[in-house]
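Numbering (this note's numbering), first residue to last: 805 to 985. Data first, discussion second: the structure below is written as structure tokens.
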């Protein structure tokens, strides 16, 4: 745990900077604006879902025994098909912002841990940047890809762009604030 006492500053600073960049990417820059759309008849949709408990739902859903049912196959072929997330209430913006910042701190802890055990004392800025950036990109850029492959949620390129920005910010912060030997 020696790395935590040596790297607490880049861990916290990178988390705050990435948190700010995340806000800018999602609220200010235009590349995420078209990810969500309004349903054509939202009121009718809401009536149809009344009483549905919170959870993740797939439609057209079928269990393995129904996979060969001709009616089920026809419904799947006709569509629509998708995934629906029903939340237990309104979005808790404050809580989600805090949890996001905590996630970025955890990413910083892992970047610091791997960097601490991989980077030689007396290393150059670029050597620190390279290792920390690779770890940060693995954390920010690879985790969501399997979700995207399966569920087609969001747009690939804007999310990849965000991940690269977050990795560069993290790498630059760690390379800059790395303890001098």
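Glycine included, C-beta positions come from ideal geometry on N, C-alpha and C.
**Report entry** Simplified DSSP state of residue 935, which is helix, strand or coil
**Finding:** Three-state DSSP puts residue 935 in a helix.
Query raised in the report: Looking only at C-alpha atoms, which of 887, 864, 884 sits nearest to residue 876?
Result: Here the closest residue by C-alpha is 864.
Query - Contacts around residue 817, its chain only, beta-carbon distance under 7 Å, and the 5 residues preceding and following it disregarded - result: 977, 981
Query - Beta-bridge pairing of residue 859 - partner residues as DSSP gives them - result: 890
Query raised in the report: DSSP three-state call for residue 870: helix, strand or coil?
Result: helix
Query raised in the report: Are the CB atoms of residue 835 and residue 965 nearer to each other than 8 Å?
Result: yes
Query - 8 Å contact criterion, which residue 979 and residue 932 should meet: CB distance rounded - result: Between residue 932 and residue 979 the Cβ distance is about 4 Å, and since that is below 8 Å, they are a contact.
Query raised in the report: Is residue 845 helix, strand or coil by DSSP?
Result: coil
Query raised in the report: Are the beta-carbon atoms of residue 915 and residue 895 separated by less than 8 Å?
Result: no
Query - Assigned secondary structure, residue 923 (DSSP; H/G/I helix, E/B strand, else coil) - result: In the structure shown, residue 923 sits in coil (DSSP, three-state: anything other than H, G, I, E or B).
Query raised in the report: When the distance is taken between beta carbons, is residue 861 closer than 8 Å to residue 843?
Result: no
**Report entry** Beta-carbon contacts of residue 926 that lie in its chain and below 6 Å, excluding the five residues immediately before and after
**Finding:** 985
Requested in this report: Using alpha carbons as the reference points, say which of 858, 812, 819 lies closest to residue 909.
Outcome: 819
Requested in this report: Determine the contact status of residue 950 and residue 935, defining contact as a CB-CB distance below 8 Å.
Outcome: Cβ atoms of residue 950 and residue 935: not closer than 8 Å.
Report task. Express the C-alpha separation of residue 848 and residue 812 in angstroms, rounding to a whole number. Result -> 51 Å
**Report entry** Residue range of the unbroken alpha helix (DSSP H) whose run includes residue 805
**Finding:** Note, residue 805: premise wrong, no alpha helix (DSSP H); not H, not E.
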